[in-house]
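Its first residue numbered 1132, the sequence shown is counted upward by one per residue in my numbering. Below you'll find the structure, written out as structure tokens, and then a few comments.
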Amino acid sequence: MFEWDEKYSVGVLSIDNQHKEILSIMGRLLEAMKKGQASEIIAGIIHELEKYAASHFQKEEFFFHRFNYIGSSDHIIEHQNFKDKIRALKSDLHSGKITLSFELLNFLKDWIDHHILVIDKAYSECFRLNGLK
Ligand SMILES: [Fe+2]
């Protein structure tokens, strides 16, 4: 479900490597849920995902500003939506309002497929023209 595939490549190695790490954290989350591991362990992985994604978004956004990337504002909104969703999820988990479900995994999978394949790929040419590889 969260395996890396060359189709995800944006043509910039350091960003591909971060996307690989994000997929790997999501893969660990899937495994932990399948095994029915304790909620503290699952919450820990979600926390890790939140931290890693935030630093990855920062890196992308740094390049948007540096290269005057034309799609910057819409892209940053997508990052914010993801962060909001994870934050809401964490607080719901914390207050026991929801239990984790495969709906969350579907959300993450849809987000990966939409965000990397469509939104991130859109900056590929701009980043490469500015010398990233
Ligand atoms: Fe992005």
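Virtual Cβ for every residue (Gly too), placed ideally from N, Cα, C.
### Cutoff 8 Å; reference K1214; Cβ partners in own chain excluding five residues on either side
Once the five neighbours on either side are set aside, the close Cβ partners of K1214 are E1181, A1184, A1185 and F1188.
### Closer than 6 Å: E1282 CB and nearest ligand 1 heavy atom
For residue 1282 there is no data in the structure shown, the boundaries of the chain being 1132 and 1264.
### Query
Closest by CA to L1220, which one among I1208, L1236 and E1209?
Measuring from the Cα of L1220, the nearest candidate turns out to be L1236.
### Query
Should I1208 go down as buried or exposed, given a rule of 16 or more other Cβ atoms within 10 Å for buried?
Classification of I1208: exposed, given that the 10 Å Cβ count is below 16.
### Task
Would you tell me roughly how many angstroms separate the C-alpha atoms of S1155 and E1134, rounded to the nearest one?
Near 7 Å, if we compare the C-alpha coordinates of E1134 and S1155.
#### Entry: Environment of ligand 1 in chain order, Cβ to heavy atom below 7 Å
Those residues that bring their Cβ nearer than 7 Å to a heavy atom of ligand 1 are F1188, E1191, H1206, E1209, H1210, H1246, I1250 and D1251.
### Query
Thinking just about the alpha-carbon of each residue, which of V1143, F1193, L1161 and D1147 is nearest to the one in E1234?
If you compare the alpha carbons of V1143, F1193, L1161 and D1147 with that of E1234, the shortest gap goes to L1161.
### Message
Taking only three categories from DSSP, how would you classify D1136?
### Response
Residue state, collapsed to three classes: coil.
### Message
Please tell me whether A1163 and I1172 are closer than 7 Å, where the distance is taken between their beta carbons.
### Response
If you check the CB distance, A1163 and I1172 come in under 7 Å.
### Message
How far does the alpha helix (DSSP H) with I1172 in it extend, from its first residue to its last?
### Response
Counted as a single uninterrupted DSSP element, the alpha helix (DSSP H) harbouring I1172 occupies residues S1170 to R1197.
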